[in-house]
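Here the sequence shown is numbered in UniProt numbering, starting from 1 and rising by one per residue. Structure record follows, encoded as structure tokens.
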Amino acid sequence: QGRERAFRASFTREDYENAVGRIKDYILAGDCMQVVPSQRMSIEFKAAPIDLYRALRCFNPTPYMYFFNFGDFHVVGSSPEVLVRVEDGLVTVRPIAGTRPRGINEEADLALEQDLLSDAKEIAEHLMLIDLGRNDVGRVSDIGAVKVTEKMVIERYSNVMHIVSNVTGQLREGLSAMDALRAILPAGTLSGAPKIRAMEIIDELEPVKRGVYGGAVGYLAWNGNMDTAIAIRTAVIKNGELHVQAGGGIVADSVPALEWEETI
Numbered sequence: 001q002g003r004e005r006a007f008r009a010s011f012t013r014e015d016y017e018n019a020v021g022r023i024k025d026y027i028l029a030g031d032c033m034q035v036v037p038s039q040r041m042s043i044e045f046k047a048a049p050i051d052l053y054r055a056l057r058c059f060n061p062t063p064y065m066y067f068f069n070f071g072d073f074h075v076v077g078s079s080p081e082v083l084v085r086v087e088d089g090l091v092t093v094r095p096i097a098g099t100r101p102r103g104i105n106e107e108a109d110l111a112l113e114q115d116l117l118s119d120a121k122e123i124a125e126h127l128m129l130i131d132l133g134r135n136d137v138g139r140v141s142d143i144g145a146v147k148v149t150e151k152m153v154i155e156r157y158s159n160v161m162h163i164v165s166n167v168t169g170q171l172r173e174g175l176s177a178m179d180a181l182r183a184i185l186p187a188g189t190l191s192g193a194p195k196i197r198a199m200e201i202i203d204e205l206e207p208v209k210r211g212v213y214g215g216a217v218g219y220l221a222w223n224g225n226m227d228t229a230i231a232i233r234t235a236v237i238k239n240g241e242l243h244v245q246a247g248g249g250i251v252a253d254s255v256p257a258l259e260w261e262e263t264i
């Protein structure tokens, strides 16, 4: 409740729960299997943006750390999730879905891991995203070259653990890293399945545009390689305010009240 008071959310609780209910109606009608709505939260921020970046490096280090100064605004992020990587023709996506907090000791950590891996809803969501990742990678890969090289492993970070899988494919001759990016952006973990219909529903229900949230941060190399992260756990700082965005995957048995809590 303290966090709700400190931040201004783009949804009221009632409106977010109604949006979740509307998504469930779409799912039951057969329009889609999963949708990932989000809400933006804003708060006054007077510190130097670089100080936020330094704090993230200390307290929440992840594989993708970034700081951009665009003059009149800054983007600061600490993303754990690959959007798409192309390295020597190998296309990789690494969907993350399913979260638990870290335990206070190893025993508690293992108990939380088992709880996560036995959660039917989390597993169903993750399997759906593996299938979506295979489909996306397959659009730019040689026939028969798409593989799931890791399936539902636990990856630990400073404060949370996630279920993670790894999907690879061999980039088809004549295609480039940009073709892979076009095929995969936006990530299924930030949109849903099927992706285009999920995006249409998101556009209908979310009250503000997403901006950088759910986009890509990364680099393109001269040799044709590319590495991009999904822009999550990312803040936009502008005019003395900090804006962050968070969401969660909605499936047929999602509970609206719990989905609100997940975004908070």
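Glycine is no exception: its CB is placed at the ideal position from the N, C-alpha and C atoms. Just so you know, these numbers come straight off a predicted model, no measurement behind them.
Integer-rounded CB distance, given that Val91 should sit under 8 Å from Ala229: Not a contact, Cβ separation roughly 15 Å.
Looking at the structure shown, is Ile143 part of a helix, part of a strand, or coil, going by DSSP? Here Ile143 carries a coil assignment [DSSP, helix/strand/coil].
Please confirm whether Ile250 and Val20 have their CB atoms less than 8 Å apart. Yes, they are a contact pair.
Tell me the DSSP secondary structure of Asn69 in three-state form. strand
For the alpha helix (DSSP H) that contains Asn159, what are its first and last residues? For Asn159, no alpha helix (DSSP H) encloses it, and the DSSP letter there is neither H nor E.
From this set, Val75, Lys151 and Val140, which residue's C-alpha is nearest Ala177's C-alpha? Nearest of Val75, Lys151 and Val140 to Ala177, Cα basis: Val140.
Specify the secondary structure class of Thr62 as computed by DSSP and reduced to three states. coil
Segment contact flag, the segment 95-115 with the segment 158-170, C-beta cutoff 8 Å, min 3 pairs: yes
Span separating the alpha-carbon of Val86 from that of Ile154: 23 Å
Entirely within the segment 86-152 and at least 3 residues each: give me those beta strand (DSSP E) ranges in chain order. 90-93 and 96-101
Do Ser42 and Leu56 have their C-beta atoms closer together than 8 Å? No; because the gap between Cβ atoms is not below 8 Å, this pair is not in contact.
Whole-angstrom distance between Pro49 and Ile27, CA atom to CA atom: In this model, Ile27 and Pro49 are separated by some 40 Å (Cα to Cα).
Going by the DSSP bridge assignment, what does Asp25 pair with across the sheet? According to DSSP, Asp25 bridges with nothing at all.
Straight-line Cα distance separating Asn105 from Gln34: Taking C-alpha positions only, Gln34 is separated from Asn105 by approximately 34 Å.
Select from Glu17, Ser254 and Arg156 the residue whose C-alpha is nearest the C-alpha of Glu122. Ser254
Exposed or buried, which one is Glu14 when buried takes at least 16 other CB atoms within 10 Å? So Glu14 counts as exposed.
Pull up the distance between the alpha-carbon of residue 314 and that of Leu129, whole angstroms please. The displayed coordinates of the chain run from 1 to 264. Any statement about residue 314 would go beyond what the structure contains.
Compute the distance between the beta-carbons of Pro256 and Cys32, then report whether it is under 8 Å. no
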